[in-house]
Every structure is written in C-alpha cells, then in structure tokens.
Amino acid sequence: MTSSVSASILRPRARGPLSKLLADDKLATIALFLPPALLLYTLFVILPIGEAGYYSAFSWNGFGSPTNWIGFDNYRYVFENRAFGLALRNNVLIIVVSLLIQLPLALALAIALSEKFRGAVALRMLFFLPYVLAEIATGLIFSFVYDGNYGLLASVWRLFGAEAPHLLASPQTSMLAILIVIVWKYFGFHMMLYIAALQGIDRSLIEAARIDGASRFELLRYVVIPLLYPTIRLTVFFSVVGSLQLFDLVMPLTRGGPADSSNTLVSFLYNFGVMRMRVGFGSAVGVILFCICVTFAFTYKRWMMRDD
Amino acid sequence: MTSPSKTRRRFDPAPLYKALFLTLVAAFVAVPLITTVLGGFKSLGELRTNPFGLPDVWEWENYWGILASKRYWVLLRNSLIIASLSTFLTLAVAAMAGFVFAHLKFFGSRMLGEYLMLGLLFPAATAILPLFIKVRDLGLLDTYFGVVLPQVAFSLAMSILLFRRFFKDLPPELLEAALIDGCSYIDYFRHMTLPLSRPILATVGTIAFVHSWNAYLVPLVMLNSDALYPWPLGIMVYQGEYSAEWNLILAFITLTILPTIVLFLLAQKHIVAGLTAGAVKG
C-alpha cells in the first residue's frame with residue numbers, strides 16, 4: 143500500500159489525528175463492506191461443503207437430525223455402485239472428447255476466423271451462440287434432433303430407406319449422442335478465447351517467420367500455436383472443470399439413462415442422492431466430486447500453469 | 003488472404019477447404035436451431051414428413067397459443083425476478099468486497115482473500131444436499147431467495163476477483179487525492195469508483211444474469227411449486243405434458259430462448275467480453 147507520500151509532505155503536523163481518523167474510516171469501511179460477502183459465502187459455500195463431509199458419515203433421509211452413524215460406509219456404497227463407475231467413466235469420456243475433438247476444432251475455427259473477411263464476425267457470433275443458450279433448451283432441441291419418429295436424424299435415415307435408430311434410448315449410443323451435443327454447445331466459447339489470444343499476437347513475429355520462408359503449416363506449428371500455449375492450457379482447464387460439473391444438459395436428453403449409461407457424476411448425485419433423499423450417500427458423492435475438483439485444480443495450477 | 007507474390011498465380015486450394023470447413027460447421031450449428039424455430043410453425047404431420055424445409059402451411063396458432071397462455075409469461079416473470087435479484091445482489095456485495103480487497107490492507111486481509119477464492123475450485127453441485135438442508139432450515143425453501151442467495155454466494159468468488167483487479171487498475175492518484183481532501187473511503191467508493199466502473203459492472207452483471215437465467219440445478223432442488231418455477235424448470239414440465247407434440251414443444255423452446263437470442267444480438271460485444279472475461283484472468 144502506498145501510504146500517500148504527498149500527504150505526509152503536505153501536512154506533516156496533521157499526521158497524528160488524521161491517520162487516526164483515516165484508520166477509523168478504514169475500519170468503518172471494512173466493517174460495512176466485507177460482512178455481506180463473507181456471510182453469504184460462508185453460509186452457502188463453505189459450510190455446506192463442510193457439512194457434506196459430516197453428513198456423509200450418516201445414513202440419513204434429511205428429516206430430524208442425523209443419528210445413524212455409519213462411518214465410511216456411504217463411500218463404500220458409492221464405490222460399489224455400478225452406476226457410479228459408469229458415471230466416472232462418462233466424465234472421463236467427456237474430458238477426452240473435449241480435449242481431442244472440441245479444442246482442436248475450436249482452434250482450427252479460431253485460426254480460420256481470425257483473418258478478416260466478409261462474414262467472419264457473423265460466423266464468430268453464430269458459433270458463440272450455442273454457449274449463450276441454456277443447457278436445458280439445448281438439451282431439448284437435441285432430444286428433438288435425435289427423436290426416432292420426428293427428429294432430424296430420423297428423416298435423414300429415412301431418406302436412405304433405413305429405420306431410424308433411437309440414439310438416446312440405447313445404452314450403447316446414449317453417451318455418444320450427449321458428447322455430440324457437448325461439442326455443439328461449448329466449442330464456441332473456447333474458439334472465442336483462442337481468437338482473443340490470436341489478436342494479441344505480435345504481427346511482426348509472423349511476418350518475420352514468413353520472410354524466413356516458413357510454410358503455412360510451419361508457421362502454425364512453430365510460431366502461432368506455441369504463442370497460444372497459455373490460452374490452450376487455460377481452455378484445457380475449463381474443459382475439465384466444466385465436464386466435471388455437467389448436469390443440465392444430461393437431464394433433458396436422457397436423465398442419465400437408459401440403464402444409467404449416460405450419467406455424469408453430478409447427475410448420478412442427483413438421481414441417487416437428491417431424488418431418493420439419501421443425504422448421507424449424496425453427500426459422499428459430493429465430497430468425492432469436491433476432492434476430484436480440488437485435486438485437479440491444485441495439481442494443474444502447480445504443474446501446468448506455473449509459468450503463466 | 004494475402005498471396006505471397008503476384009507473379010505466381012497457381013491455384014491455391016486452401017481457401018476452398020477453409021470455406022468448405024466453415025460451411026460445414028456453420029450448418030452443424032445452425033440447422034438444429036433453424037429447424038427448431040421452423041418446427042414450431044408446422045403441424046405434427048408435416049414435422050414428420052418435412053422437418054427441414056419451410057412449412058407448407060404456417061401454423062401461427064402454435065405460437066399464439068403459447069403467447070396467449072398465462073403459463074409462458076409466469077415463467078418469464080419468475081426467471082426475470084430471480085435473475086435480476088441475483089444480478090443486483092452479486093454486483094452490490096461483490097463490488098463492496100472487491101473494493102476492500104483492492105484498497106485496504108488489514109490484519110488477515112490476505113488470508114480472507116484466499117479464503118474467498120476457495121469458491122473458484124468447486125461447483126455448487128458438490129454441496130447441493132447440505133445446501134438444500136440449509137435453505138430448508140432457514141425457511142427459504144420454495145421462495146425466490148432460496149434460489150437467489152445460493153446463486154449469489156457461488157458467484158461471489160469470481161465476481162470479487164474481477165472487481166478487485168479492475169479497482170486496482172484504476173489510477174491510484176485518484177484515491178490519494180480524494181483521501182487528502184478528506185473524502186472517506188465510502189464516499190470515494192460511491193462517487194468515484196462506481197461511476198468509473200461501468201465496464202466491470204456490465205461484465206460481472208452479464209455473467210451473473212446469464213448464469214442465473216439459464217440455471218437449472220439450484221432452482222430444481224429449492225423450488226416445489228409451479229408458480230415460482232423459472233423457465234428452464236417450466237419447459238421441462240411442459241415437455242413432460244406434451245411429450246409427443248414436438249411442434250408445440252419446439253414453439254415453446256423458441257419462445258423461451260428468444261429473449262436470450264435478441265439480447266445477444268443487441269449486446270453481443272458486452273456478452274462475449276463478459277462471458278470470456280472470467281477466463282482471461284491474469
């Protein structure tokens with residue numbers, strides 16, 4: 143804090159009472175400005191996650207107070223649950239698809255759209271639009287697209303004279319269908335981040351590489367993409383964190399079914415914890431999810447983003 | 003695209019590939035949206051035989067029926083109330099806290115700052131059951147505030163971070179001069195900081211509003227009565243009731259995402275900047 147140099151020069155004598163007054167003013171400001179945030183945050187963010195840890199040691203349906211202490215049994219039940227394993231697998235699948243398909247697609251589009259041409263801005267906006275739409279609306283739109291009787295895919299199939307598959311109704315394809323929607327919904331967000339980063343690149347670096355005879359591919363591979371590494375690391379982070387909390391999109395499409403084939407961790411928590419009011423069990427899932435999120439955030443920040 | 007030299011005019015296929023690629027992606031994005039809007043104008047029979055093209059007969063009554071129903075307007079009203087309250091509270095609470103962390107050093111301020119940043123690490127879903135019990139015990143179940151307060155609490159970490167960074171970047175001479183003139187911190191906040199903070203208020207406000215407007219999980223857990231449902235909950239109920247009448251559902255979807263799309267087209271710059279701002283933190 144720069145304790146204003148000019149102030150002490152201008153008023154050397156008024157320092158004592160003035161600074162006392164300022165200190166009081168400071169105190170008043172802190173006492174007035176900080177408590178609302180601290181209170182809300184502590185009450186609705188920190189306490190609940192702590193209570194999740196506490197409740198997870200009980201078998202409790204939410205009524206009365208938790209008395210039936212069962213230690214770590216809830217965690218055992220969670221890990222023994224077949225649907226939990228599937229949900230975990232699905233979350234890994236979402237992360238893999240995000241990293242291997244969504245981000246490269248976003249990067250390619252960003253590079254294609256960072257040059258100025260007619261319609262570039264309109265295309266950017268079109269590609270960003272799905273990100274702004276609610277997950278629920280997106281999910282419903284695609285449950286129409288996938289609908290076996292009326293949907294778009296069904297009519298494409300009928301064009302070729304084949305019987306339309308019900309993608310969402312089969313455990314083999316439900317997750318595939320959801321993954322496509324995830325790419326549709328979120329690639330525009332990552333693309334915008336890449337475009338912002340591309341616009342920040344110093345043009346002279348690219349010019350210099352061109353003059354040195356770099357081909358278009360070499361230019362991308364050795365100049366542009368290395369310059370984007372900080373942004374790429376950031377988008378990887380967002381992809382993983384986003385996929386860990388995916389829920390809204392799953393509900394209108396499949397609700398996690400059929401046969402629990404398309405649950406994510408959060409929809410598993412909802413279907414098995416909230417719907418059945420198994421507070422202890424659901425809290426245990428929450429704690430596991432919390433641990434995954436925090437471990438990932440810390441290790442990723444530590445190992446991948448240390449030079450940013 | 004600048005061609006390297008004008009003497010060499012060989013056919014370059016790259017722009018063609020690029021155009022093809024962009025067209026494909028644009029179709030991938032736009033076709034589901036366009037068919038949704040058009041589908042709302044079709045009869046159920048036509049939807050089945052002609053899902054892509056323009057409707058033969060424009061069935062305006064699909065849309066008019068929904069617009070004339072009380073249901074649609076109640077959903078929008080509820081969403082508007084919840085999102086406005088969330089946005090206003092987030093702005094007020096986070097701006098004040100961000101101001102303290104930007105300008106005032108006190109014992110434990112660093113620790114408190116880090117305590118608040120813990121909220122960035124995990125989503126509301128992790129603690130949804132204890133959150134439900136907390137809201138129930140506070141008597142806020144099935145009220146707007148039962149949804150608003152948790153939403154505000156979970157958006158605080160990011161919002162305070164954005165405010166603090168913006169306030170710190172304001173010229174420090176302003177604060178020094180104001181303090182010398184006998185201005186208190188609170189007056190400075192009201193008369194100097196806030197008027198200068200329109201961009202960051204717009205950014206944080208956009209994030210808060212869009213997230214609250216689209217939110218599903220927290221209202222789903224906290225609200226029981228249809229009368230209070232925001233539109234994402236209401237549209238799920240609607241879909242349950244009219245499960246096979248896709249033309250009506252598509253019309254309903256179109257009408258509920260219409261406000262978002264109109265707002266997006268009107269204020270695209272702010273919205274893009276706002277929604278990507280959280281990402282580009284230094």
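Chains as they are written, first to last, in the working numbering: chain A, 143 to 450; chain B, 3 to 284. For every residue, glycine included, the Cβ atom is placed at its ideal position computed from N, Cα and C.
Proximal residues to residue i (C-beta, below 6 Å), its chain only, five neighbours per side dropped
| i | result |
| --- | --- |
| Asn-331 of chain A | According to the sequence displayed, residue 331 of chain A carries Phe and not Asn. Excluding sequence neighbours, Phe-331 of chain A sits near Tyr-273. |
| Trp-445 of chain A | none |
| Phe-294 of chain A | Residue identity check: residue 294 of chain A is Leu in the sequence provided, not Phe. Cβ neighbours of Leu-294 of chain A beyond the five flanking positions: Val-287. |
| Gln-241 of chain B | Ile-251 |
Sequence-distant residues of the same chain with beta carbon closer than 8 Å to residue i, five excluded per side
| i | result |
| --- | --- |
| Asn-52 of chain B | Lys-44, Asp-58 |
| Ser-148 of chain A | Low confidence applies here, because Ser-148 of chain A scores a pLDDT of 42, under 50, leaving its location unreliable; read the following figure in that light. Closer than 8 Å at the Cβ level, and outside the excluded window around Ser-148 of chain A, lies no residue. |
| Gly-108 of chain A | As shown, chain A starts at 143 and ends at 450. That puts residue 108 of chain A outside it, with no answer to give. |
| Met-417 of chain A | none |
| Met-317 of chain A | Asn-232, Leu-235, Ser-403, Ser-404 |
| Trp-299 of chain A | Glu-305, Ala-306, Pro-307 |
| Arg-224 of chain A | Asp-402 |
| Lys-8 of chain B | Note that Lys-8 of chain B has pLDDT 48, beneath the 50 cutoff, so the model's placement of it is unreliable and no number is given. |
7 Å Cβ shell around residue i - same chain, five flanking residues per side excluded
| i | result |
| --- | --- |
| Leu-252 of chain B | Thr-38, Gly-41, Gly-42 |
| Trp-233 of chain B | Leu-77, Leu-78, Ser-81, Thr-258 |
| Tyr-74 of chain B | Ile-68, Leu-257 |
| Tyr-442 of chain A | Phe-379 |
| Tyr-336 of chain A | Ala-248, Leu-249, Ala-252, Leu-370, Thr-373 |
| Tyr-244 of chain B | Leu-250, Ile-251 |
| Pro-313 of chain A | Pro-400, Ala-401, Ser-403 |
| Ala-275 of chain B | Thr-205 |
| Pro-132 of chain B | none |
| Pro-201 of chain B | none |
| Phe-226 of chain A | Val-220, Phe-410 |
Chain-ordered neighbours of residue i on chain B, where CB pairs are closer than 7 Å
| i | result |
| --- | --- |
| Gly-451 of chain A | Lying outside 143 to 450, the shown extent of chain A, residue 451 of chain A is not represented and no answer is given. |
| Asp-390 of chain A | Tyr-218, Leu-219 |
| Leu-241 of chain A | None at all; the shortest Cβ gap to chain B is about 16 Å. |
| Pro-246 of chain A | Ordered by position in chain B, no residue passes the 7 Å Cβ test against Pro-246 of chain A, which lies about 12 Å from the chain. |
| Ser-425 of chain A | Leu-131, Pro-132 |
| Tyr-183 of chain A | Leu-118, Gly-121, Ala-155, Leu-158 |
| Tyr-193 of chain A | The question names Tyr, but residue 193 of chain A in the sequence shown is Glu. The contacting residues are Pro-132. |
| Val-416 of chain A | Ile-130, Leu-131, Val-223 |
Neighbour list for residue i in chain B, Cβ cutoff strictly below 8 Å
| i | result |
| --- | --- |
| Pro-307 of chain A | Under the 8 Å cutoff, chain B gives no residues; its nearest Cβ is about 16 Å from Pro-307 of chain A. |
| Tyr-343 of chain A | For the sequence presented, residue 343 of chain A should be read as Ile rather than Tyr. Near Ile-343 of chain A there are no residues of chain B at all, since even the closest Cβ is about 14 Å away, more than 8 Å. |
| Trp-211 of chain A | Ordered by position in chain B, no residue passes the 8 Å Cβ test against Trp-211 of chain A, which lies about 17 Å from the chain. |
| Pro-313 of chain A | None at all; the shortest Cβ gap to chain B is about 21 Å. |
DSSP bridge partner residues for residue i (one or two, in chain order)
| i | result |
| --- | --- |
| Phe-169 of chain B | Answer is none; Phe-169 of chain B lacks a bridge partner. |
| Trp-299 of chain A | Note: Trp-299 of chain A sits in no beta bridge, so no partner. |
| Phe-200 of chain A | A:Trp-211 |
Contacts of residue i in chain B (Cβ-Cβ under 9 Å)
| i | result |
| --- | --- |
| Asn-291 of chain A | Arg-50, Ala-246, Trp-248 |
| Val-421 of chain A | Leu-131, Pro-132, Phe-134, Ile-135 |
| Asp-94 of chain A | The structure shown has nothing for residue 94 of chain A, since chain A only spans 143 to 450. |
Chain-ordered chain A contacts of residue i [CB-CB under 7 Å]
| i | result |
| --- | --- |
| Pro-123 of chain B | Sequence inspection shows Leu at residue 123 of chain B; the Pro mentioned does not correspond to that position. The contacting residues are Cys-435, Val-436, Ala-439. |
| Leu-268 of chain B | None at all; the shortest Cβ gap to chain A is about 12 Å. |
| Phe-101 of chain B | Phe-175 |
| Ser-45 of chain B | What Ser-45 of chain B touches in chain A: nothing, since even the nearest Cβ is about 12 Å away. |
| Ala-28 of chain B | Leu-265, Leu-268 |
| Phe-23 of chain B | Ala-254 |
| Pro-234 of chain B | Ala-276, Ile-278 |
| Lys-20 of chain B | Ala-254 |
Chain-ordered neighbours of residue i on chain A, where CB pairs are closer than 8 Å
| i | result |
| --- | --- |
| Ile-251 of chain B | Leu-282, Phe-286 |
| Met-98 of chain B | Leu-174, Phe-175, Leu-176, Pro-178, Ala-179 |
| Phe-90 of chain B | Within chain A, no residue comes near Phe-90 of chain B; the closest Cβ sits about 13 Å away, beyond 8 Å. |
| Ala-32 of chain B | Leu-268 |
| Ile-237 of chain B | Ile-278, Ala-279, Leu-282 |
| Val-95 of chain B | Pro-178, Ala-179, Leu-182 |
Residues that residue i contacts on chain A, provided the C-beta gap is smaller than 9 Å
| i | result |
| --- | --- |
| Ala-151 of chain B | Per the sequence presented here, residue 151 of chain B reads as Leu, with Ala not at that position. Near Leu-151 of chain B (Cβ distances below 9 Å), the residues of chain A are Leu-182, Leu-185, Phe-186. |
Q) Any contact of the segment 135 to 148 of chain B with the segment 189 to 206 of chain B, i.e. 3+ C-beta pairs under 8 Å? A) Using a C-beta cut-off of 8 Å, the segment 135 to 148 of chain B makes no contact with the segment 189 to 206 of chain B, since fewer than three inter-stretch Cβ pairs fall below that distance.
Q) Below 8 Å, can you find three or more Cβ-Cβ pairs linking the segment 361 to 369 of chain A to the segment 103 to 121 of chain B? A) Contact between the segment 361 to 369 of chain A and the segment 103 to 121 of chain B is absent: fewer than 3 CB-CB pairs across the two stretches fall below 8 Å.
Q. Enumerated in chain order, which unbroken segments of the alpha helix (DSSP H) with a length of 4 residues or greater are wholly contained in the segment 146 to 228 of chain B?
A. DSSP runs (the alpha helix (DSSP H)) wholly in the segment 146 to 228 of chain B: 146 to 171, 174 to 182, 187 to 190, 200 to 216, 219 to 224.
Q) Should the segment 167 to 174 of chain A be regarded as contacting the segment 176 to 192 of chain B, the criterion being three or more beta carbon pairs within less than 8 Å? A) Because the criterion of three Cβ pairs below 8 Å is met, the segment 167 to 174 of chain A and the segment 176 to 192 of chain B touch.
Q. If you pair each beta-carbon of the segment 157 to 173 of chain B with each one of the segment 82 to 100 of chain B, do three or more pairs fall below 8 Å?
A. The segment 157 to 173 of chain B is in contact with the segment 82 to 100 of chain B.
(Q) For the structure I just gave you, are there three or more beta carbon pairs, one from the segment 422 to 441 of chain A and one from the segment 189 to 202 of chain A, closer than 8 Å? (A) As far as the Cβ criterion goes, the segment 422 to 441 of chain A touches the segment 189 to 202 of chain A, which means the pair count is three or higher.
Q: Tell me, please, whether the segment 178 to 190 of chain A touches the segment 148 to 163 of chain B by the rule of three or more beta-carbon pairs shorter than 8 Å.
A: In short, these stretches touch, since the Cβ pair count reaches three.
Q: Give, in chain order, every unbroken run of the alpha helix (DSSP H) that is at least 4 residues long and sits entirely within the segment 90 to 150 of chain B.
A: Annotation: the segment 90 to 150 of chain B contains the following complete segments of the alpha helix (DSSP H) (minimum length 4 residues), in chain order: 111 to 119, 130 to 139.
Q.
Taking 8 Å as the cut-off, does the segment 284 to 299 of chain A touch the segment 406 to 423 of chain A (at least 3 CB pairs, one atom from each stretch)?
A. At 8 Å Cβ cutoff, the stretches do not touch.
Q.
Which runs of the alpha helix (DSSP H) at least 4 residues long sit entirely within the segment 335 to 397 of chain A? Give them in chain order.
A. For the segment 335 to 397 of chain A, whole alpha helix (DSSP H) runs of length 4 or above, ordered along the chain, are 345 to 353, 367 to 386, 392 to 395.
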